[in-house]
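*Asks:*
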Amino acid sequence: MAELRRGTITRWRQLSPLLALFRLAPEGGRRFPDYVSGQYMALRRDNCRLTQRVMDESGRARYVPDLDEQGRQKRGAITHAYSIASAPFETSREGHLEFYVVLEIADSLGRFTESLFDMEPREGGALSYMERTAGDFTLERRAQDAAHVLLVGTGTGVAPFVSMLKQLDHDAGEGRDVPRRVTLFYANRRPAELAFHDQLAAIAGARRFDFVYVPAVSRPGSDGGDPAIGRGRATNVLRHALGLPRREEEALEEAKASGADPAPVAAALATSVPPVLPAGIDPGALRARVAAAGTVVLTCGNPAAMEDVARVARRQGMRFEKEDW
44 MAELRRGTIT
54 RWRQLSPLLA
64 LFRLAPEGGR
74 RFPDYVSGQY
84 MALRRDNCRL
94 TQRVMDESGR
104 ARYVPDLDEQ
114 GRQKRGAITH
124 AYSIASAPFE
134 TSREGHLEFY
144 VVLEIADSLG
154 RFTESLFDME
164 PREGGALSYM
174 ERTAGDFTLE
184 RRAQDAAHVL
194 LVGTGTGVAP
204 FVSMLKQLDH
214 DAGEGRDVPR
224 RVTLFYANRR
234 PAELAFHDQL
244 AAIAGARRFD
254 FVYVPAVSRP
264 GSDGGDPAIG
274 RGRATNVLRH
284 ALGLPRREEE
294 ALEEAKASGA
304 DPAPVAAALA
314 TSVPPVLPAG
324 IDPGALRARV
334 AAAGTVVLTC
344 GNPAAMEDVA
354 RVARRQGMRF
364 EKEDW
């Protein structure tokens, strides 16, 4: 059984009120256990406001406060697993692990990230971890024998892909063979929330291995923003690259065909940002690359987005793999 160890947050970078990157170092001269890109580690905080998982009428899970007999929200320890965003070579060289986290918000706050975001001070703060890495969401397990790996990351779900890409870039720079092509579609709401964007763009620009980076934001500014960053949700940008309609357009046609009320879907379509590829991306070359035989799709992030990626993969006859949160 893995032992609980104490670590220290050595760096905290706030990207928005809801998103942060942080680095964790082990205390007492220890080293973190070895890991492979795509794996995760369980982190723990004490004195968290506790919640319980319930199913709503639609069958979806949601979290509500876990109350004691006096109606007060219970407090206790919470352990939560997070994908590791640092690459193995970085941890071996510098000693830290990096994580990309989002503050979970529901009807009332609680759970792990509320306690994490409330830490004062954050840098230098203590955070416990289980001395074990785990998970099989790795290129070795999920993309074995694939000629092309299509990664689709939304929000903090890009973390395992960042680890993979940094390690591949390092390996290629060391002269090791990278036997597969890799394409990453990555979107968040605003440019400031595109964690690792500069690193990913630099990896693509270095061309040490066959990698294409397709970033996008779903809430671009009125000025259009950086032309090197596309527009639209990750799944809609992927659909656009494949010559498919937006998911909202498709859902509207499905509602009309089934006789369902189309108004909610039409409203969603009206607020959906039309997908635009980043400047410098050749649409024809990207389509040929993404739709190529031997492609395996890996996705991590928002459950609704992963569901749509699965829908696109089935339509295109691509093998599909996902990492559930």
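In this note's numbering, the protein residues as written are 44 to 368.
The C-beta atom is built at its ideal place from N, Cα and C for all residues, glycine as well.
Name the DSSP bridge partner or partners of K365?
*Replies:* Here the question's residue 365 lines up with position 322 in the sequence shown. The beta-bridge partner set that DSSP reports for K365 consists of T342.
*Asks:* For the putative contact between L93 and R118, defined by C-beta atoms under 8 Å, what is the C-beta separation to the nearest angstrom?
*Replies:* Your numbering for residue 93 matches position 50 in the sequence shown. Your numbering for residue 118 matches position 75 in the sequence shown. Between R118 and L93 the Cβ distance is about 6 Å, and since that is below 8 Å, they are a contact.
*Asks:* Taking its Cβ as the centre, do 16 or more other Cβ atoms sit within 10 Å of D351, making it buried, or is it exposed?
*Replies:* Within the sequence shown, the letter at position 308 stands for residue 351. D351 is buried by the Cβ-count criterion.
*Asks:* I'd like to confirm the pairing. Which residues does DSSP put opposite Y229 in its beta bridges?
*Replies:* Within the sequence shown, residue 229 is the residue found at index 186, counting from 1. BP columns for Y229 point to G196 and P258.
*Asks:* Among the candidates G275, D367 and D241, whose CA atom is the shortest distance from the CA of L312?
*Replies:* Here the question's residue 312 lines up with position 269 in the sequence shown. Among G275, D367 and D241, the Cα nearest to that of L312 is on G275.
*Asks:* For the candidate residues L67, I127 and L58, whose alpha-carbon lies nearest to that of Q82?
*Replies:* Numbered from its first residue, the sequence shown carries residue 82 at position 39. Comparing Cα-Cα distances from Q82 to each of L67, I127 and L58, the minimum goes to I127.
*Asks:* Judging by CA-CA distance, which residue of R49, L61, Y143 and G138 is the nearest neighbour of C343?
*Replies:* Residue numbering aside, residue 343 sits at position 300 when the sequence shown is read from its first letter. For the residues R49, L61, Y143 and G138, the minimum Cα distance to C343 belongs to Y143.
*Asks:* Between which residues of its own chain and E296 is the CB-CB distance below 7 Å, once the five residues before and five after are set aside?
*Replies:* For the purposes of this step, residue 296 is taken as the residue at position 253 of the sequence shown. Nothing listed; no residue qualifies.
*Asks:* Does the separation of the CB atoms of R66 and E141 fall below 8 Å?
*Replies:* In the sequence shown, the residue the question calls residue 66 occupies position 23. In the sequence shown, the residue the question calls residue 141 occupies position 98. Yes, the Cβ-Cβ distance between R66 and E141 is below 8 Å.
*Asks:* Within 10 angstroms of its Cβ, does M98 collect 16 or more other Cβ (buried), or is it exposed?
*Replies:* Indexing the sequence shown from 1 puts residue 98 at position 55. Flag for M98 reads exposed.
*Asks:* Mark N90 as exposed unless 16 or more other C-beta atoms lie within 10 angstroms of its C-beta, in which case mark it buried.
*Replies:* For the purposes of this step, residue 90 is taken as the residue at position 47 of the sequence shown. Exposed, by the Cβ-count rule.
*Asks:* Evaluate S206 with the Cβ neighbour count: other Cβ atoms within 10 Å of its Cβ, from every protein chain shown; 16 or more gives buried, anything less gives exposed.
*Replies:* Position 163 of the sequence shown, counted from the start, is the residue given in the question as residue 206. Per the 10 Å Cβ criterion, buried.
*Asks:* By Cβ distance below 6 Å, which residues in the same chain neighbour L64 in space, the five residues on each side in sequence not counted?
*Replies:* Translated into the one-based positions of the sequence shown, residue 64 becomes position 21. The residues are R56, Y143 and A238.
*Asks:* Which whole runs of the alpha helix (DSSP H) in the region 103 to 181 are 4 residues long or more, in chain order?
*Replies:* 131 to 137 and 154 to 160
*Asks:* Going along the chain, which residues of its own chain have a beta-carbon closer than 7 Å to the beta-carbon of M162, five neighbours each way excluded?
*Replies:* Translated into positions along the sequence shown, residue 162 becomes position 119. So the list reads G168, once near-sequence residues are dropped.
*Asks:* Roughly how many angstroms separate the alpha carbons of F228 and Q113, rounded to a whole number?
*Replies:* Numbered from 1 along the sequence shown, position 185 holds the residue referred to as residue 228. Numbered from 1 along the sequence shown, position 70 holds the residue referred to as residue 113. Going by the C-alpha atoms only, they are around 48 Å apart.
*Asks:* Determine contact between the region 277 to 296 and the region 305 to 320, defined as no fewer than three beta-carbon pairs at a distance below 8 Å.
*Replies:* yes
*Asks:* Can you name the residues that DSSP bridges to P69?
*Replies:* By 1-based counting over the sequence shown, the position of residue 69 is 26. BP columns for P69 point to G50.
*Asks:* Beta-carbon separation of T197 and A348 under 8 Å?
*Replies:* Position 154 of the sequence shown, counting from 1, holds the residue named residue 197. Position 305 of the sequence shown, counting from 1, holds the residue named residue 348. Contact flag set, yes.
*Asks:* CA-CA distance, H376 and A186?
*Replies:* As shown, the chain starts at 44 and ends at 368. That puts residue 376 outside it, with no answer to give.
*Asks:* Just the Cα atoms here: how many angstroms apart are D150 and V107?
*Replies:* Your numbering for residue 150 matches position 107 in the sequence shown. Your numbering for residue 107 matches position 64 in the sequence shown. Note that D150 scores a pLDDT of 49, beneath 50, so its modelled location is shaky; the value from the coordinates is reported in the next line. Distance between the alpha carbons of D150 and V107 is about 7 Å.
*Asks:* Can you say whether A336 is buried or exposed, counting buried as having 16 or more other CB atoms within 10 angstroms of its CB?
*Replies:* Position 293 of the sequence shown, counting from 1, holds the residue named residue 336. A336 should be labelled exposed.
*Asks:* Alpha helix (DSSP H) containing L208: first to last residue?
*Replies:* Counted from its first residue, the sequence shown places residue 208 at position 165. First-last of the alpha helix (DSSP H) with L208: A202 to G216.
*Asks:* Exposed or buried, what is R262 when buried is set at 16 or more other beta-carbons lying within 10 Å of its beta-carbon?
*Replies:* Here residue 262 refers to the residue found at position 219 when the sequence shown is read from its first residue. With fewer than 16 Cβ atoms within 10 Å of its Cβ, R262 is classed as exposed.
*Asks:* If you run the structure through DSSP and keep just helix, strand and coil, what is L93?
*Replies:* The sequence position of residue 93 within the sequence shown is 50, counting from 1. L93: coil per DSSP, three-state reduction.
*Asks:* Residues bridged to T57 by DSSP?
*Replies:* If you number the sequence shown from 1, residue 57 lands on position 14. The question names Thr, but residue 57 is Gln in the sequence shown. Note: Q57 sits in a beta bridge opposite A63.
*Asks:* Taking Cβ positions, are R87 and A120 nearer each other than 8 Å?
*Replies:* Locating residue 87 in the sequence shown gives position 44, counting from the first residue. Locating residue 120 in the sequence shown gives position 77, counting from the first residue. A contact, by the Cβ cut-off of 8 Å.
*Asks:* Leaving aside the five residues before and after R49 along the sequence, list all residues of the same chain whose C-beta is less than 7 Å from its C-beta, in chain order.
*Replies:* In the sequence shown, counting from the first residue as 1, residue 49 sits at position 6. Excluding positions up to five away in sequence, the list reads E70, A169 and S171.
*Asks:* At what residues does the alpha helix (DSSP H) containing L312 begin and finish?
*Replies:* Within the sequence shown, residue 312 is the residue found at index 269, counting from 1. Here the alpha helix (DSSP H) through L312 covers A306 to T314.
*Asks:* Do the CB positions of V255 and A247 come within less than 8 Å of each other?
*Replies:* Taking the first residue of the sequence shown as 1, we reach residue 255 at position 212. Taking the first residue of the sequence shown as 1, we reach residue 247 at position 204. With a cutoff of 8 Å on beta-carbon distance, V255 and A247 are scored as near each other.
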